[in-house]
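First comes the structure, then the notes that go with it.
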Amino acid sequence: MTVRTATHRTANVARWACRILGVLFVATSPIVVFSADTPSRWHTLLHFVTGLVALYAGFRGGAKVFCLVFGGGYLVFGALGLVLGDPAADRMWHVGPLHLMTGDHLFHVVLGAVVLAAGVVTRGRATG
Numbered sequence: 003m004t005v006r007t008a009t010h011r012t013a014n015v016a017r018w019a020c021r022i023l024g025v026l027f028v029a030t031s032p033i034v035v036f037s038a039d040t041p042s043r044w045h046t047l048l049h050f051v052t053g054l055v056a057l058y059a060g061f062r063g064g065a066k067v068f069c070l071v072f073g074g075g076y077l078v079f080g081a082l083g084l085v086l087g088d089p090a091a092d093r094m095w096h097v098g099p100l101h102l103m104t105g106d107h108l109f110h111v112v113l114g115a116v117v118l119a120a121g122v123v124t125r126g127r128a129t130g
């Protein structure tokens, strides 16, 4: 009889977070790019590439590191957008070719917090 501990249950959280995030980003990016109302193709391309990296981390290894780096980065990036974005223009923030607004910032904060949490609660290396 195998006894599953809390450590065993949390060992795969980052791996599954990467897999789910990767599938969602890779699957939805082409739909967004080819829709008529695409706010920023560069932003969508960035999410597509992030999805590919997440899939690699989720299946091949490095999921915990990906979750910590990606989650922390997106959380900070979203918070900066809320602070630095132009309050008169829906918190519009121009970062290179990216044009981000309040909805983008909130999405990045929430996504970053969830993915960062997945990395924090994951025990061990969370290899693929």
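Numbering-wise, this note's numbering comes out as the position in the sequence shown, counting from 1, plus 2. Note that CB positions come from ideal geometry on N, CA and C, so glycine has one too.
Quick one: Cα of Thr124 to Cα of Gly74, how far? Start at 1 with the first residue of the sequence shown, and residue 124 comes out as number 122. Start at 1 with the first residue of the sequence shown, and residue 74 comes out as number 72. The alpha-carbon atoms of Thr124 and Gly74 are separated by roughly 15 Å.
Given a threshold of 16 other Cβ atoms within 10 Å of its Cβ, counted over all protein chains shown, does Ser37 qualify as buried or as exposed? As a working note, residue 37 is residue 35 in the sequence shown. So Ser37 ends up on the exposed side.
What are the boundary residues of the alpha helix (DSSP H) that Pro2 is part of? The chain is shown only over 3 to 130; residue 2 falls outside these bounds and no answer can be derived.
In the DSSP assignment, the alpha helix (DSSP H) including Leu65 goes from what residue to what residue? One-based indexing of the sequence shown puts residue 65 at position 63. According to the sequence provided, residue 65 is Ala. The question's Leu does not apply to it. Segment 65 to 86, the alpha helix (DSSP H) holding Ala65.
Please report how far the alpha carbon of Leu113 lies from the alpha carbon of Gly87, in whole angstroms. Position 111 of the sequence shown holds residue 113. Position 85 of the sequence shown holds residue 87. When rounded, the distance between both Cα atoms is 19 Å.
Neighbourhood of Arg43 by C-beta distance below 8 Å, restricted to the same chain and skipping five residues each side: The residue given as residue 43 occupies position 41 in the sequence shown. Same-chain partners within the cutoff: Val35.
Give the list of continuous beta strand (DSSP E) stretches no shorter than 3 residues that lie fully inside the region 95 to 127. 95 to 97, 100 to 102
Which residues mark the beginning and the end of the alpha helix (DSSP H) in which Ala59 is found? For the purposes of this step, residue 59 is taken as the residue at position 57 of the sequence shown. 43 to 62 is the extent of the alpha helix (DSSP H) around Ala59.
Which one of Leu102, Gly121, Val117 has the shortest CA to CA distance from Thr46? Position 44 of the sequence shown, counted from the first residue, corresponds to residue 46. Nearest option by C-alpha distance: Leu102.
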